[in-house]
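Colleague: Before I ask anything, here is the structure I am working with.
Residue numbers (this note's numbering): 111 to 226.
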């Protein structure tokens, strides 16, 4: 499985960005993680094959995870961005049982920087 993330950039607080993750190979549940400098990687949003989505409390109501099974892709629509959303964002394909469990397949990461 290969994952290619894109769409990051520099945006002012309150702005929007849409991240994309294109997958080659068989994918299962999908997720977006982020890692800020000096912090651990954290789960931002996850979505099952059937479209059930779950979000970190810090992004609920602002971020939307979308998957397009026909294109083997997943997106992260990020609205009302805050400086604390600044991080490198990674996509992953894993398993969703009672919670999301990541696999070893990660995209290369895309930088999101939100200025105040």
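Where a beta carbon is used, it is the ideal one built from N, C-alpha and C, also for glycine.
Taking only runs of the beta strand (DSSP E) that begin and end inside the region 180 to 209, which ones reach a length of at least 3 residues, in chain order?
Modeller: Listed in chain order, the complete beta strand (DSSP E) runs (minimum 3 residues) inside the region 180 to 209 are 183 to 188 and 197 to 206.
Colleague: I want to know whether the region 181 to 193 touches the region 204 to 218 - three or more CB-CB distances under 8 Å.
Modeller: The region 181 to 193, when compared against the region 204 to 218, does not touch it at the 8 Å Cβ threshold.
Colleague: How would you call residue 123, buried or exposed, if buried means at least 16 neighbouring beta carbons within 10 angstroms?
Modeller: Along the chain shown, read from residue 1 onward, the residue named residue 123 stands at position 13. When all chains shown are included, residue 123 counts as exposed.
Colleague: What residue range is occupied by the uninterrupted beta strand (DSSP E) comprising residue 160?
Modeller: Here residue 160 is taken as the residue at index 50 of the chain shown, counted from 1. Run containing residue 160: none; DSSP gives neither H nor E here.
Colleague: Does residue 127 pass the burial test, meaning 16 or more other C-beta atoms within 10 Å, or should it be called exposed?
Modeller: For the purposes of this step, residue 127 is identified with residue 17 of the chain shown, where counting begins at 1. Classification for residue 127: buried.
Colleague: Measuring only between beta-carbons, confirm whether residue 186 sits less than 8 Å from chain C.
Modeller: Of the chains in the structure shown, none is chain C; there is only one protein chain.
Colleague: Going straight from the alpha carbon of residue 130 to that of residue 198, what length do you get?
Modeller: Indexing the chain shown from 1 puts residue 130 at position 20. Indexing the chain shown from 1 puts residue 198 at position 88. Cα-Cα distance, rounded: 13 Å.
Colleague: Helix, strand or coil, according to DSSP, for residue 147 in the structure here?
Modeller: Position 37 of the chain shown, counted from the start, is the residue given in the question as residue 147. Looking at residue 147 - three-state DSSP - the assignment turns out to be coil, as it is neither helix nor strand.
Colleague: Alpha carbon to alpha carbon, how far is residue 173 from residue 188?
Modeller: As a first step, residue 173 must be located in the chain shown, where it is residue number 63. As a first step, residue 188 must be located in the chain shown, where it is residue number 78. Going from the Cα of residue 173 to the Cα of residue 188 covers about 4 Å.
Colleague: Identify whether residue 214 lies in helix, strand or coil by the three-state DSSP scheme.
Modeller: Residue 214 sits at position 104 when you count from the first residue of the chain shown. Residue 214 falls in the strand class under three-state DSSP.
Colleague: Does DSSP put residue 167 in a helix, a strand or coil?
Modeller: Taking the chain shown and counting its residues from 1, the one referred to as residue 167 is at position 57. Three-state DSSP puts residue 167 in coil, outside helix and strand.
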